[in-house]
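All letters in the sequence shown, in the order written, are residues -29 to -1, 1 to 351 by mature numbering (1 follows the signal peptide of the UniProt record, and there is no 0). Accompanying notes for the structure given below.
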Amino acid sequence: MRSRTAALSAAAGLLTALAVTAGAGPAAAVPLPPRGCTSSVPYTAGQGGYDTYRIPATITTPEGAVLAFAEGRRNSASDTGNIDVVLRRSIDGGCTWGPMKVVAAGKGNTRGNPAPVVDSRTGRIVLVTSYNSGAVTEAQIMRGEVTPEQSRRVFVQTSTNDGRGFSAPRDITAAVKLPDWRWYATGPGHAVALTRGPHAGRLVIPANHSTAPPAGSPDTGQEPRYYGAHAFYSDDGGASWRLGFVDDSYDGYANSNESTAAELPDGRLYFSSRDQNGTSAGNRLDAYSGDGAATLDRPYTVQPSLNDVPVVQGSVLQVRNGPLLFSGPSVPTARQSMAIWRSGDGGVTFTKARTLSTQRAAYSDLVQLGGSRVGVLYET
């Protein structure tokens, strides 16, 4: 589920404005020392041949480069149409950016929802994206009005040269999408490479889907209750994929949608999800997995300490030797005021650490930079 508000997509800026320590409470988020930069703008609407840039995702590579992925929307801010996945690469911590490259070309169709991750065993970068015909909309897909060829599909690409180039997209839809699912979206935002426990090395991709209504139902399938979150994973560096847990409650109470994940210090996975107009109080849901995303320890439930966040995508990051962070807008009724929250108890509770801007803001992705520095690539 995406925003239809074009005004939020003027630019996507990488802010490297936090140095995070392991201390407790908001005071642990302190200004960076006076070196390098505190912000930059890798993508600006109307430049580079695109009307709009949206849906950011970012990682740091084994060589220390910062990769900033986005959807390059050629003709309008619409969620459908001629959309490419584009990339810019920075070798100075996000201060300046190399030339923009098209990683996955829409060629008149829609490619997007980038979910990149570094395979910790090989150093290869794995990028998962979603696709649909540029002639159809999310609503049509959810109502089941499109052909399988027009509907949502899932692709994977790899880079063996630190993000300087990527392989052609390879279709993995059959391995990760159930037959009765309609809508499908990867991430968006960085995925996770597990480093602890029996599943160390596993690549985990948070995702979401919608399903068809039950037989005899008057529903069309476009109702938010038919959204659900899931994950899929690879144990061989992205060569093969398997579907993991599926949130299939569809009761309208907690409508899990766009999701992100982090590996906690104890080896569990923490999943944070957008609640797409569920009847529950709050707009953020979370869940945990103790078996590498194969199952959930409990169903998605409301995260009350993030009640300031509106209905929107968000990002989580477990900082090295530090807290769990969450990024998102901080006005419950508007996509505005990008902020960072921190958790010292593995996502049980969050406290706002800093408001980065009071301007309009929407999707975001957190990234670990050098040392204790953290960046966030976000729409504004």
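Quick reminder that beta carbons are idealized off the backbone N, C-alpha and C, glycines included. A quick note: this is a predicted structure, and the numbers were derived from the prediction, not measured.
- DSSP places leucine 295 within a strand segment (E or B) once states are collapsed to three.
- Annotated three-state conformation of alanine 162 is coil, per DSSP.
- Ranked by how close their Cα comes to the Cα of alanine 264, the residues Arg173, Ala86 and Asp219 have Arg173 in first place.
- At a Cβ-Cβ threshold of 7 angstroms, aspartate 50 and histidine 161 do not count as neighbours.
- The residue among Leu277, Glu120, Ile54 and Ser91 with its C-alpha nearest the C-alpha of phenylalanine 40 is Ile54.
- Taking C-beta separations shorter than 6 angstroms and ignoring five residues to either side along the sequence, proline 270 has no partners in its chain.
- DSSP places alanine 145 inside the alpha helix (DSSP H), whose first and last residues are 144 to 147.
- Under the three-pair Cβ rule at 8 angstroms, the region 310 to 327 does not count as touching the region 195 to 206.
- By the beta-carbon neighbour count (other beta carbons within 10 angstroms, threshold 16), aspartate 257 is buried.
- Boundaries of the beta strand (DSSP E) harbouring isoleucine 311: 305 to 314, taken from the DSSP string.
- Within a 10 Å sphere around the beta-carbon of alanine 75 sit 16 or more other beta-carbons, which makes this residue buried.
- Of Gly136, Ala28 and Thr329, the smallest CA-CA separation from glutamine 284 is found for Ala28.
- A check of alpha carbon separations from glycine 253 across Asn226, Phe242 and Val37 identifies Asn226 as the nearest.
- Burial state of arginine 82 is buried, judged by a 10 Å Cβ sphere holding 16 or more other Cβ atoms.
- Beta-bridge pairing by DSSP links glutamine 128 to Leu98.
- Proximity of the region 88 to 106 to the region 31 to 39 meets the contact definition, three or more beta-carbon pairs being nearer than 8 angstroms.
- Classified as exposed, valine 319 has fewer than 16 neighbouring CB atoms from the shown chains inside 10 Å of its CB.
- Within its own chain, the residues whose Cβ lies closer than 8 angstroms to the Cβ of proline 300, once the five positions on either side in sequence are excluded, are Val280, Pro281, Val283, Arg306, Gln307, Ser308, Met309, Ala310, Ala332 and Ala333, listed in chain order.
- Per DSSP, reduced to three states, the secondary structure at arginine 141 is strand.
- For glutamine 289, no alpha helix (DSSP H) segment is defined; the enclosing uninterrupted segment is the beta strand (DSSP E) at 286 to 289.
- With fewer than 16 other Cβ atoms from the protein chains shown falling within 10 Å of its own Cβ, alanine 139 counts as exposed.
- Burial is judged here by how many other beta carbons sit within 10 angstroms of a residue's own beta carbon; asparagine 46 has fewer than 16 and is exposed.
- Distance between proline 189 and tyrosine 224, taken at the CA atoms: about 19 angstroms.
- Proline 195 and asparagine 248 do touch by the CB rule: their CB atoms are close to 4 angstroms apart, below 8 angstroms.
- In the structure shown, the three-state DSSP call for glutamate 350 is strand.
- Serine 101 is positioned such that its CB atom lies no closer than 7 angstroms to that of asparagine 179.
- Linking serine 286 to proline 185 through their CA atoms gives a straight-line distance of about 32 angstroms.
- Looking only at Gly20, Pro33, Tyr155 and Met71, the smallest Cα-Cα distance to asparagine 84 is reached by Tyr155.
- Glycine 43 sits in a strand when the DSSP states are folded into three classes.
- Here proline 150 is exposed: its Cβ has fewer than 16 other Cβ atoms, across all protein chains shown, within 10 Å.
- Taking C-beta atoms as the reference points, glycine 158 and alanine 86 count as a pair closer than 7 angstroms.
- Annotation: the continuous beta strand (DSSP E) that includes glutamate 234 extends over 227 to 234.
- About 6 angstroms separates the beta carbons of glutamate 234 and leucine 165, which is inside the 8 angstroms limit, making them a contact pair.
- Close CB contacts of threonine 131 within its chain, under the 7 angstroms cut and outside five residues either way in sequence, are with Arg95 (chain order).
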